[in-house]
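To keep things clear, I will list the structure first and then write my remarks on it.
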């Protein structure tokens, strides 16, 4: 089984807003998933080096500390990603003040990654959301609420898809 190993950042402000990227997934047609910034770990790259690179590229955030690893997710679904049988996502908590997200990637490069928008979501809006878009992970509202309420877990929490 071939799994894509990825890192993701839960970029969270003091007033509990989280930065999410809007991915328009072509299959099934026009499925929209709001997910935390991040992406695949390249050959020879450590998870934290990949996280730093992805944050610079996608949202323009430079981090120089090692953020805590708070969530772990394994999603096995053949065909989920071309060439892979699923994905392993490791999530790291990055606390910061709000900023205007603009990374080194051009709009065309972001579009090639299926990213059409990046914006701050208040936690309360995620919890109350009843629209057609999905969140990644699917239980983002509950997982983020637990993280805000209980703080950094002693070891990464295992999430469902």
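Numbering (this note's numbering), first residue to last: 1 to 161. We put the CB at the ideal spot given by N, CA and C, even for glycine.
Secondary structure of residue 152 (DSSP, three-state): coil. When the Cα atoms are used, residue 60 and residue 76 turn out to be separated by approximately 30 Å. For residue 115, the enclosing beta strand (DSSP E) covers residues 115-122. By the Cβ criterion, the region 12-19 is in contact with the region 92-104, since at least three pairs of Cβ atoms, one from each stretch, lie closer than 8 Å.
Our two residues, residue 114 and residue 24, have alpha carbons roughly 5 Å apart in a direct line.
Per DSSP, reduced to three states, the secondary structure at residue 41 is coil, with no helix or strand assignment. A check of alpha carbon separations from residue 55 across 136, 104, 143 identifies 104 as the nearest.
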